[in-house]
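First the structure, in the form of structure tokens, and then the observations on it.
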Amino acid sequence: MRLAELVGASADVAQTAARSAKIARLAEVLRKGTPEEVPIAIAFLSGGPRQRKLGVGPSMLRRALPVDAAAGPSLELVEVDRAFGEVAAETGAGSSGRRIERLRDLFRRATADERDFLFRVGIGELRQGALEGIMFDAVAAAYAVPAADVRRAAMASGDLGAVAAAAARDGAAGLAQFSIVLFRPIQPMLAHTAGDVGEAVGRLGEAALEYKMDGARVQIHKSGEHVEVFTRTLKPVTDSVPEIVEAVRALPAREIILDGEAIALEPGRRPHPFQVTMRRFGRRLDVERLRRELPLETFCFDVLWMDGGSLVDAPAAERWSILEGVLPEALRIPRIRSADAAEARRFFERAIEAGHEGVMAKSLDARYEAGRRGQAWLKVKPARTLDLVVLAAEWGHGRRHGWLSNLHLGARDPRTGGFVMLGKTFKGMTDEMLAWQTEQLLALEVARDEWTVHVRPELVVEIAFSDVQESSHYPGGMALRFARVKRYRTDKRAEDADTIDAVQALAPESVAVR
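Here it is as structure tokens:
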């Protein structure tokens with residue numbers, strides 16, 4: 002397959018609002034690829050290289066661009082992927098220069114449209130609305146297989162490209178080879194937001210209510226004495242959390258996969274701030290000292306695998322019953338079952354009094370839908386907060402001179418794959434935060450003018466605010482009132498940010514998305 006085929010499909014998808022039309026166009030181009038080419042196509046159309054990181058930034062890519070573009074298309078998809086692989090593999094003295102030369106050789110053979118496409122893929126900034134959810138459906142449509150089977154296979158393998166290649170070769174039979182494997186983490190199930198516990202119970206009926214702890218999401222795999230721990234982003238952190246390993250190793254289950262929270266508690270059992278808990282993760286030195294100073298506790302709320310069998314398709318109530326049978330109460334998240342709004346509010350108040358964020362309300366019948374933000378799980382917090390993405394930042398004045406201060410905030414738009422700006426804020430920032438965010442945002446820079454640095458939309462920040470109001474200043478027709486920075490969510494990716502639909506759900510009925 003030539004790169005030009007993908008470039009044309011990307012342009013068509015970007016210009017199409019209808020989800021069904023996006024899926025049909027993506028499926029059409031996927032069918033043209035060989036099983037070797039399909040994983041490359043899926044990675045590119047999802048917004049980045051198959052190698053994930055090339056070790057180059059926007060400025061280096063710009064330096065690699067030749068003056069003139071090729072007159073006609075000639076690049077094959079496989080050779081582009083091979084070139085990106087060579088760039089990513091460069092290390093040592095002089096590697097930056099070699100990366101630039103290799104990219105320049107590639108760009109010389111690219112047309113203007115191909116060059117623009119490759120530049121955006123290279124920095125992970127291809128925004129044409131081909132989100133992973135759409136790609137699941139496009140793979141299903143391309144190879145006439147059930148979308149649910151594609152999703153389940155991708156959940157088990159963690160690699161949609163490999164799943165698509167198998168479907169291209171063998172159809173539905175190819176998907177059957179993928180199953181959950183111990184020590185290969187799967188994407189966590191995610192939650193939507195409800196305004197209060199009464200609304201959550203009203204939407205779910207009888208539901209489980211759990212404390213929503215402000216800790217670090219962990220997925221724990223055990224087989225015999227072997228235990229490994231992974232973060233929300235599937236990063237292995239086993240060596241950093243020996244107390245979690247020891248607690249799970251002592252369980253009677255021979256094999257188990259658990260989903261839960263790790264959190265550092267004060268002597269009075271109130272939780273430390275999130276940033277304090279996160280000091281324990283990713284540290285390989287002085288682990289025993291940190292363990293003494295800042296011990297972690299684990300509170301599990303789900304079980305995905307037990308003694309040789311997957312539980313992700315079992316109803317939630319069944320999974321929780323199994324969990325209660327194998328985990329002592331000290332390792333389980335506090336939980337009640339109720340359909341009564343008053344009882345739910347009392348439980349919510351107990352969670353807040355204990356220092357936690359709020360509660361999770363969960364359907365009793367829900368399957369574990371890895372990687373999905375479904376309506377079966379609803380989070381309820383006392384104050385209104387949203388996880389938004391930083392789109393740009395303005396240089397500060399006065400005491401903040403030399404720091405990037407005023408943040409441009411965006412909510413994720415699931416229909417376009419882009420972000421909708423909801424306003425700006427410079428409030429709630431300490432000097433330490435200003436210095437940290439300046440360093441982080443400059444590393445993500447894609448463009449700037451005299452006052453503003455525009456960045457790749459990767460950094461997620463939790464924003465507290467009073468309410469949502471109508472605004473003609475921003476494309477979404479809405480703005481956050483009295484927005485202030487609560488914290489940066491370094492454990493989340495841009496695709497985990499709240500959507501513009503979630504913002505609309507918090508807005509008065511008079512405020513409409515444009």
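Count along the sequence shown starting at 1, add 1, and that's the number in the numbering used here.
Even glycine gets a Cβ: it sits at the ideal position worked out from N, Cα and C.
No experiment lies behind these values; they were computed from the predicted model shown.
Here R285 has D240 and S241 as same chain residues with Cβ atoms under 7 Å from its own Cβ, once five neighbours each way along the sequence are excluded. Across the structure, R51 and D160 are spaced so that their CA atoms are roughly 10 Å apart. By the neighbour-count definition (other C-beta atoms within 10 Å, threshold 16), R281 is a buried residue.
Remark: C-beta atoms of S180 and A157 approach each other more closely than 8 Å. The C-beta distance from D388 to R490 rounds to 6 Å, short enough to meet the 8 Å contact threshold. Relative to D499, the option among H474, D492 and E463 whose CA is nearest is E463.
Approximately 45 Å separates the beta-carbon atoms of G172 and Y212; this is outside 8 Å, ruling out the contact. Here DSSP, grouped into helix, strand and coil, assigns I101 to helix.
For W437, the uninterrupted alpha helix (DSSP H) segment begins and ends at D432 to A444.
The residue from V151, R185, G196 and H193 with its alpha-carbon nearest to that of G175 is V151. Taking the Cα positions, A90 is about 20 Å away from R121.
DSSP places Q16 in the coil class of the three-state scheme, outside both helix and strand. Under DSSP, L389 shares a beta bridge with V462.
Distance from the Cα of R290 is smallest, within the candidate group A254, R270 and P243, for P243. No Cβ-Cβ contact shorter than 8 Å links I258 with H227. Of the candidates M279, D114, G123 and M361, M279 places its Cα closest to the Cα of K493.
Pairing A12 with P186, the inter-Cα distance amounts to about 34 Å. Under DSSP, S339 takes part in a beta bridge, and its partners are A208.
Bounds of the alpha helix (DSSP H) holding M156 are A148 to S158. Only buried fits R233, as 16 or more other CB atoms lie within 10 angstroms of its CB. Contact annotation: the region 306-317 does not touch the region 261-268, with fewer than three C-beta pairs closer than 8 Å. Within the DSSP bridge table, the entry for T232 names V219 as partners. Two segments are said to touch when three or more pairs of C-beta atoms, one from each, lie closer than 8 Å; by this definition the region 102-122 touches the region 57-75.
Bounds of the beta strand (DSSP E) holding F300 are L297 to M307.
Distance from the CA atom of M214 to the CA atom of H357, rounded to whole angstroms, is 5 Å.
Taking the Cβ atoms as the reference, G372 lies roughly 22 Å from V421, outside the contact range of under 8 Å. When beta bridges are read from the DSSP output, Q505 appears opposite no residue.
Of the candidates S339, A217 and L305, A217 places its Cα closest to the Cα of F275.
Residue environment: H398 is assigned as exposed (fewer than 16 neighbouring CB atoms within 10 Å of its CB, all protein chains considered). Between M190 and the set H455, D432, V461 and R374, the nearest pair of CA atoms involves R374. With contacts defined by Cβ atoms closer than 8 Å, K33 and I135 do not form a contacting pair. Annotation for T386: E463, I464, A465 and K487 place their beta carbon closer than 7 Å to its own, counting only its chain and skipping 5 residues before and after. Contact between the region 59-79 and the region 106-117 is present: three or more C-beta pairs spanning the two stretches fall below 8 Å. CA-to-CA, the gap between A5 and P40 works out to about 16 Å. Distances from the CA of A412 to each of I353, L481, D287 and F349 were compared; the closest alpha carbon is that of L481.
Here T453 has A393 and E395 as same chain residues with Cβ atoms under 6 Å from its own Cβ, once five neighbours each way along the sequence are excluded.
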